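Residue numbers (mature numbering (1 follows the signal peptide of the UniProt record, and there is no 0)): -23 to -1, 1 to 280.
Here it is as structure tokens:
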């Protein structure tokens, strides 16, 4: 499972903490990149807790491919590029919701009954009868721009996991499921449009194959409150998470600061800030996947 692989890679970064991580950055958020958090199944309906923000997660593809993913389409020669590519768009909470039970990613100490994002939501009452609720790959954008922005979706079927776990909750605007949110097709269109509009910062492209300071890397995205950065234990960039308001109608709103609690203090989302003074920006040629031909990869769902 792609998500499980990435979670393990980012968690391992906590075992090797570099001294001297920028004090100003660290002081802005307690437990920076140090904690694990959990989501709750069907939280909007079951716990009367509408989400109020989105997290857009994108992978630095060579960094992800350097971990253990060479058999995937996105890591094949001719596909793997020095660019940020779509992982997913996740409905989330600015402030965690207190519930009796949680499920999802868990830390050893648990979350004390706090839910940081809704997941695995049931079909709301408003949902059109002529629209697919279960994953329909035919709804995923498939043009050349979509392939560049999201090869794990177009070639590896990542959307099956992302829709089931996260996208289903974007269909919910109110706790009763009566107000229309995103359909599956509309969710994919909005997710891809957001990823494509942001692109990859030019400074990040220029840093490919080298290393940059954590502060400079954060500044490429607007500063340490605007992004959470995931690294391997070798301080290789794997993922960038940016945060957006949820508009009143449930759609993706304007960019916002990522909350300290739940995002910037997350070892999954922000391990670079916990462990790294400098961050390596791998090129495709620096991964063990560099010689793998695209025709040899299996285009199978990674869930």
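Glycine included, every Cβ here is placed at the ideal spot set by N, Cα and C.
These numbers were taken from a predicted model, which means no experiment stands behind them.
*Whole angstroms is fine: what's the gap from residue 194's alpha carbon to residue 48's?*
Answer to the nearest angstrom: the Cα atoms are 29 Å apart.
*Can you find at least 3 beta carbon pairs, one from the stretch 14 to 21 and one from the stretch 228 to 235, that sit closer than 8 Å?*
Taking 8 Å as the limit for Cβ pairs, the verdict is that the stretch 228 to 235 does not touch the stretch 14 to 21.
*Contact set for residue 187: own chain, Cβ-Cβ below 7 Å, skip 5 residues either direction*: Excluding sequence neighbours, residue 187 sits near 258.
*Can you give me the Cβ contacts of residue 243 inside the same chain, cut-off strictly under 8 Å, excluding the 5 residues immediately before and after it?*
Closer than 8 Å at the Cβ level, and outside the excluded window around residue 243, lie 10, 12, 13, 14 and 205.
_Can you tell me whether residue 105 is buried or exposed? The criterion is at least 16 other CB atoms within 10 Å of its CB, across all chains shown._
Under a 10 Å Cβ-count criterion, residue 105 is classified as exposed, with fewer than 16 other Cβ atoms of the shown protein chains found around its own Cβ.
*Rounded to a whole number of angstroms, what is the C-alpha to C-alpha distance between residue 4 and residue 160?*
Any reading at residue 4 needs caution, since the residue's pLDDT is 44, under 50, leaving its predicted position unreliable; the model's value is listed next. Taking the straight line joining both Cα atoms gives about 41 Å.
*Hey, how far is the Cα of residue 228 from the Cα of residue 173?*
Just so you know, the alpha carbons of residue 228 and residue 173 end up roughly 17 Å apart.
_Cβ-based neighbour list, residue 184, same chain, cut-off 7 Å, excluding 5 preceding and 5 following_ = Excluding sequence neighbours, residue 184 sits near 258.
_Residue from 40, 6 and 23 whose Cα sits closest to the Cα of residue 263_ = Looking at 40, 6 and 23, the one whose alpha-carbon comes closest to that of residue 263 is 40.
_Give me the DSSP bridge partner(s) of residue 96._
Per DSSP, 18.
*Rounded straight-line distance, which links the Cα of residue 71 to that of residue 207*: Each residue's CA atom was taken as its position, placing residue 207 and residue 71 some 20 Å apart.
*When the Cα atoms are used, what is the spatial distance from residue 286 to residue 182?*
Only positions -23 to 280 of the chain appear in the structure, and residue 286 is not among them; the question remains open.
*Could you pull out every residue in the same chain whose Cβ sits closer than 6 Å to the Cβ of residue 198, ignoring the five residues on either side in sequence?*
Residues of the same chain with a CB within less than 6 Å of the CB of residue 198, apart from the 5 flanking positions on each side, are 204 in chain order.
*Which class does residue 62 belong to by DSSP, given the choice of helix, strand or coil?*
Here residue 62 sits in strand by DSSP.
*Taking residue 217 as the reference, which of 189, 135 and 246 has the closest Cα?*
Minimum Cα-Cα distance from residue 217 among the listed residues 189, 135 and 246 corresponds to 246.
*Find the nearest neighbour of residue 42 within the set 128, 226 and 147, judged by alpha-carbon distance.*
Of 128, 226 and 147, the smallest CA-CA separation from residue 42 is found for 128.
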